[in-house]
Structures are given as C-alpha cells and as structure tokens.
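Below is one structure; the comments refer to it alone.
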Ligand code: IPD
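Numbering (the UniProt record's numbering), first residue to last: 4 to 272.
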C-alpha cells in the first residue's frame, strides 16, 4: 500500500530544500539560457535541468518504484513505476524571475497517489519561505497553519494571474484582463504560478486564476490553496486544469468564476 501523505511530505520537503539550495547557488554563480522551448522567451536555464536531475536522483534513491513527471525531462523517469505514487516536479517555477534575479521563484514538488495529489511543498528559493500541505492535513507556511481570507468582495479583491508564452494566448489573456481590471482592486502578475497559489492560500493576494497551466505549475500550490480552505476549480464545475485554474476563498469564488466565464477566460488558443 502507498505511504501516508505525511511520509511523502517529509521526503518532499527534504528533496525540495536540497533542490532550492542548488538553484540558489547556481543563481549566485550566474545564469545563462541553456535552450528555449515553445517560444524564444520560454527559456530553460542550466539550473532548471541540473535541479530537476538532482530531484529525480534524490527521489529515485528513496523511492525507486515511483513514477516522476518533471517539467524538463517529462515522464522519462516514470519507466518501471509500480508503486501507485507519482511525483510532479517543477525544478524552478518562475524561470523568468530566476533569469532576471527577481526574488520570486520556487521549487515545487508534489506527490500523487493513484492520481490524486496528497502532499506538496513549494519553497521560494531566494527567501526560503516554504509552504506545505497534505490532503486532509491542512496547509502550512513555515510551521504556521494557513487559513484563507474571508469576506472579500470582487470589487476589493487583489487578483493574481499569469500569462502563457504563446503570443496568441497572451493576446487573449490581455483582453480578459482589460475587462476584469475595472471590477477588481487590482491585478498582480508576479511570475510564478506555484507561489501565486501559496500567496492566495494565506490571503497575501485574495484570489488567483490562470489559463494554460501544466500539472507541475499547479500540483503542489493547488493543494496548499485547497487545504487552506480556498475553492480550487475550473469553469462550470470542471476540476482545475489546463483550461483554467481559479483559486479563491469560497465567497469570492462564484463572482470571480462568473466574471471569468463571461469573459471566456478559458477560451482562445
Ligand atoms: C510559468 C510561471 C508563470 C506562469 C506560466 C508558467 P515557468 O512557469 O509559473 O507565472 O504564468 O504560465 O509557465 O516557465 O516559470 O516554470
């Protein structure tokens, strides 16, 4: 049988701390772009690759029968997985911030059992802030239990979001923002989805939404947000996914959801 979420979280924290230390050290030594992915601005640094490799190796040492899904190496490490556990790794979420030396980038590591995320850690690799959650066990930042903000009107909400790399998608996302911004306090585009979800979990922003996220962007942060009491879902009762992730306190979820549905936030390329 699969290990308890708390046991997986202990492993995740240990591995994420080592990974964050490597990424931080490599940042200090100077960053360069190793390759580009979907567009010229969708970059991979040597650190993205080295950190993911380190995470895969560390997980393999302690949990050799688990599958791994990683941003840079895909599902390559999943071969032979038989345990029912799958790890989801974003070695550096907020790669562009990392490249520019902005202190808003993180290692994100989540563990799924039979397809459900049960443990997750997001560690800001510059500030050392660390968010953790287990399914049913609550969300925490540096040992403090998190509960989401309550009673926020959409008109007073600080809403975080992000943009994909594809130009056509960005244009659609910009049109959505143009219509949303008169109806909220303000918008933040901070640059790392995993951290955005964690900030929403503790009310440092009121809500977050984004279209086009991959599993590694949202797995750990999504659990942190949900365990802090936010509703994390897509449009029209769909689960959160690549079409749209909305994370908001229960009272704010419906108004934000309905506005985003009106604006076709999950549409476009
Ligand atoms: C990106 C960041 C960004 C979000 C993008 C993601 P990456 O991840 O999370 O905030 O808006 O959708 O792709 O490329 O930095 O790992």
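Where a beta carbon is used, it is the ideal one built from N, C-alpha and C, also for glycine.
Quick caveat, the model's predicted, so the values are computed rather than measured.
Apart from the five residues just before and just after residue i, which ones in its own chain have a Cβ nearer than 8 Å to its Cβ?
| i | result |
| --- | --- |
| residue 59 | 71, 73, 76, 80 and 92 |
| residue 221 | 196, 197, 200, 243 and 248 |
| residue 95 | 26, 48, 50, 51, 54, 101, 108, 109, 110 and 128 |
| residue 158 | 186, 187 and 188 |
| residue 192 | 163, 164, 165 and 166 |
Express the C-alpha separation of residue j and residue i in angstroms, rounding to a whole number.
| i | j | result |
| --- | --- | --- |
| residue 260 | residue 237 | 8 Å |
| residue 264 | residue 48 | 36 Å |
| residue 118 | residue 8 | 13 Å |
| residue 45 | residue 235 | 26 Å |
| residue 25 | residue 32 | 11 Å |
| residue 270 | residue 226 | 25 Å |
| residue 168 | residue 245 | 14 Å |
| residue 5 | residue 121 | 11 Å |
| residue 172 | residue 272 | 5 Å |
| residue 147 | residue 211 | 21 Å |
| residue 10 | residue 224 | 18 Å |
| residue 267 | residue 258 | 14 Å |
| residue 39 | residue 130 | 27 Å |
| residue 36 | residue 217 | 21 Å |
| residue 62 | residue 56 | 10 Å |
| residue 174 | residue 13 | 41 Å |
| residue 17 | residue 132 | 14 Å |
| residue 152 | residue 204 | 8 Å |
| residue 137 | residue 21 | 20 Å |
With distance defined between alpha-carbon atoms, name the residue in the options nearest to residue i.
| i | options | result |
| --- | --- | --- |
| residue 213 | 179, 232, 186 and 185 | 179 |
| residue 143 | 124, 191 and 68 | 124 |
| residue 231 | 134, 158 and 246 | 134 |
| residue 64 | 240, 181 and 15 | 15 |
| residue 252 | 165, 206, 30 and 268 | 206 |
| residue 115 | 98, 137, 88 and 185 | 88 |
| residue 156 | 255, 241 and 30 | 255 |
| residue 34 | 41, 42, 98 and 141 | 98 |
| residue 106 | 154, 177, 90 and 30 | 30 |
From the DSSP output, in three-state form, read off residue i for me.
| i | result |
| --- | --- |
| residue 174 | helix |
| residue 5 | coil |
| residue 17 | helix |
| residue 80 | Because the pLDDT of residue 80 is 47, which lies under 50, any placement of that residue in the model is unreliable, and the number read from its coordinates should be weighed accordingly. Three-state DSSP puts residue 80 in a helix. |
| residue 66 | coil |
| residue 213 | strand |
| residue 25 | helix |
| residue 58 | helix |
| residue 126 | strand |
| residue 269 | coil |
| residue 225 | helix |
| residue 44 | coil |
| residue 234 | strand |
| residue 181 | helix |
Ordered along the chain, which non-local residues of its own chain (more than five positions away) have a Cβ less than 6 Å from that of residue i?
| i | result |
| --- | --- |
| residue 161 | 188, 189, 208 and 209 |
| residue 85 | 68 |
| residue 66 | none |
| residue 335 | Because the chain spans 4 through 272 in this model, residue 335 falls outside it and cannot be assessed. |
| residue 42 | 168 |
Tell me which same chain residues have a C-beta within less than 7 Å of the C-beta of residue i, skipping the five on either side of it?
| i | result |
| --- | --- |
| residue 150 | 231 and 232 |
| residue 19 | 110, 112, 124 and 126 |
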